[in-house]
Every structure is written in structure tokens, then in C-alpha cells.
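This report refers to the structure that appears directly beneath it.
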Ligand code: AMP
């Protein structure tokens with residue numbers, strides 16, 4: 029199976045699609061956002077260094093993120109979904125090096141900005157980010173509680189509206205060139221992320237073969 033690099037603004041559905049790709053196709057999921065949040069939850073040295081940056085919706089330094097990423101990959105054994113990495117051209121170059129000798133495709137999640145703001149401000153997650161709900165389109169059975177683990181659901185600080193709009197600007201300016209780069213390499217699959225999770229998944233499945 030080809031490795032997949034998911035490219036989409038925060039909240040475009042990358043996390044949800046990753047869960048489906050893992051469950052139905054046997055991919056391994058690697059999310060740099062989740063790895064960073066785990067560091068914060070563990071109150072590790074790295075976690076303490078990145079918390080303020082993440083709460084403000086800014087990007088963590090390339091060096092810190094790539095170390096964390098590499099420590100969580102075994103490319104000779106597994107096919108991965110890269111979720112949240114790369115976030116800029118430097119990281120895209122780094123990932124090209126990491127993926128040398130392995131096949132990959134970039135999946136670009138296209139979505140309307142105002143829909144995205146609506147989606148993110150209604151998003152609620154478990155503390156580790158692994159279980160994702162939406163208050164309008166996919167609410168938990170009991171308000172504020174995860175259906176699967178029974179944990180309390182929270183709104184990520186970086187899902188608040190002002191922060192979301194800032195992150196969108198960061199995404200457009202830093203990811204535009206990255207998407208163009210993968211396009212030139214003929215590696216981009218474009219999916220309409222403005223559909224139900226099932227429809228988006230069907231589109232991805234149909235295009236990665
Ligand atoms: P995410 O869960 O992918 O939306 O990421 C949440 C936050 O983690 C981002 O706003 C950044 O602060 C940080 N982060 C995640 N991935 C990266 C990355 N590849 N490079 C830099 N910062 C990242």
C-alpha cells in the first residue's frame with residue numbers, strides 16, 4: 029500500500045478519514061498534532077516547551093516535530109497516513125527524504141472556509157484527540173461524554189473561532205506552495221471534503237488504487 033500524505037486545513041476531516049483508513053485498510057496513523065498533545069499530557073520537557081505555541085495556534089519548530097515523527101515510524105514494515113505533517117515547504121522536503129524508496133500519494137482535502145470554521149468550533153474531542161465528535165453533525169449520545177471510552181469531551185483551545193481563523197491564514201500561506209509542489213510531482217489526489225465522512229472515504233478509496 030502506498031503511504032498517504034493528508035493535506036487539508038485543520039478540521040477538514042483528516043483525523044476522521046485517518047480513523048477509517050486505519051480500520052478498513054490497515055494503515056498506520058501518524059499525527060504530529062496527536063504526538064505533540066501526548067507530550068503535553070505527559071508534561072514532558074518537550075510538552076512544556078510546545079504548549080504555549082500550540083495553544084496560540086502557531087506552528088511548533090520543524091526540528092522538534094521531525095524528531096518526534098521519525099521516532100514513531102517504521103516504513104519498512106508499515107504503510108502510514110501522515111496527518112498534520114508536512115505543514116510547510118521545509119517539512120515537505122524533509123518528508124521527501126524520509127520517504128525515499130517508498131511509494132506515496134498526497135491527498136488534498138478541499139473545503140470551503142466558512143464551513144471549516146463552523147466544523148471546528150463545533151468539534152469536541154477526548155483529551156488524547158483520538159475520538160472526535162461534532163455537536164451538530166455527530167454528537168455524542170450523552171452530552172459531553174465520549175461514547176466509546178466514557179471520558180469527558182473537551183474543546184481544544186486551538187478550535188476557538190479567533191484561533192481557527194488565524195490557523196486558516198497560516199494554512200493558506202504555508203500549504204499553498206506545498207500542494208503546488210506535490211502537484212508538479214504528479215502526486216496529488218484531490219477530494220471534496222465538503223461531503224459526509226462516508227462519501228469522502230469512498231472518494232479517497234476510489235482514487236488511491
Ligand atoms: P493538528 O492536530 O494537526 O491540528 O495540530 C495541532 C497543533 O500542533 C498545530 O496548530 C501546531 O501548533 C502543532 N503541530 C502539529 N503538527 C505540526 C507540524 N508538522 N509542524 C509544526 N507544528 C505542528
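In our numbering, the protein residues as written are 29 to 237.
In this text, a Cβ means the ideal position worked out from N, Cα and C, and glycines have one as well.
A quick note: this is a predicted structure, and the numbers were derived from the prediction, not measured.
Local Cβ density within 10 Å of residue i, reported as buried at 16 or more and exposed below that
{"i": "residue 31", "result": "buried"}
{"i": "residue 60", "result": "buried"}
{"i": "residue 111", "result": "buried"}
{"i": "residue 36", "result": "buried"}
{"i": "residue 130", "result": "exposed"}
Residue i Cβ short of 7 Å to ligand 1 heavy atom set
{"i": "residue 107", "result": "no"}
{"i": "residue 195", "result": "yes"}
{"i": "residue 87", "result": "yes"}
{"i": "residue 161", "result": "no"}
{"i": "residue 60", "result": "yes"}
{"i": "residue 186", "result": "yes"}
{"i": "residue 81", "result": "yes"}
{"i": "residue 114", "result": "yes"}
{"i": "residue 38", "result": "yes"}
{"i": "residue 103", "result": "no"}
{"i": "residue 119", "result": "yes"}
Start and end residues, alpha helix (DSSP H) containing residue i
{"i": "residue 187", "result": "Premise fails: residue 187 is in no alpha helix (DSSP H) and is neither H nor E."}
Residue i, enclosing beta strand (DSSP E) - first and last residue
{"i": "residue 109", "result": "108-111"}
{"i": "residue 31", "result": "31-35"}
Practice task
Any chance you could list the beta strand (DSSP E) runs of at least 3 consecutive residues sitting entirely within the stretch 117-202, in chain order?
Solution key: Whole beta strand (DSSP E) segments, 3+ residues: 132-138, 151-153 and 160-162.
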